[in-house]
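Numbers given in the numbering used here equal positions in the sequence shown, counted from 1, plus 399.
Notes follow the structure.
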Amino acid sequence: MGDRGAFSVSLFFLRLFYNAFYGNTYFERRTIMDITKKVAKMRFIYHTNMLDICNVLNQLGILKDEKAEIVMKSHCMKSFDCMERMGLDIKGYFNKHKNETEP
400 MGDRGAFSVS LFFLRLFYNA FYGNTYFERR TIMDITKKVA KMRFIYHTNM
450 LDICNVLNQL GILKDEKAEI VMKSHCMKSF DCMERMGLDI KGYFNKHKNE
500 TEP
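Shown next as structure tokens:
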């Protein structure tokens, strides 16, 4: 990967941590979050990015369909876990929309 590749990876994680803790602008007013919600938000961003990466690798043929399905299911379930830790009612949301679609 070389020095340039390692630098770009560390820059990626630096941006990820910054956006998770402070948002995209300096002047944005935020409510105070506890550390568990901050970490959950950071994990959520990571797992959703990994879903995009796995999808691209699958479309390019680098990652086989079976392996991509397993990896994407894992990242999807971890994303749901992160949303629950951030305080969102995921099961209630799915139940509400399931009841709306049924006649």
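Ideal Cβ placement from N, Cα and C applies to all residues, glycine included.
- Query: Do Leu456 and Leu462 have their C-beta atoms closer together than 8 Å?
  - Reply: yes
- Task: Apply the 10 Å Cβ neighbour rule to His446 and answer buried if 16 or more other Cβ atoms are within range, or exposed otherwise.
- Result: buried
- Query: How about Lys437 and Gly486: do their beta carbons lie closer than 8 Å?
  - Reply: In this structure, Gly486 does not lie closer than 8 Å to Lys437 by Cβ.
- Item | Closest by C-alpha distance to Ile452, when choosing among Cys481, Met441, Tyr492 and Cys475 | Cys475
- Query: Exposed or buried, what is Phe443 when buried is set at 16 or more other beta-carbons lying within 10 Å of its beta-carbon?
  - Reply: buried
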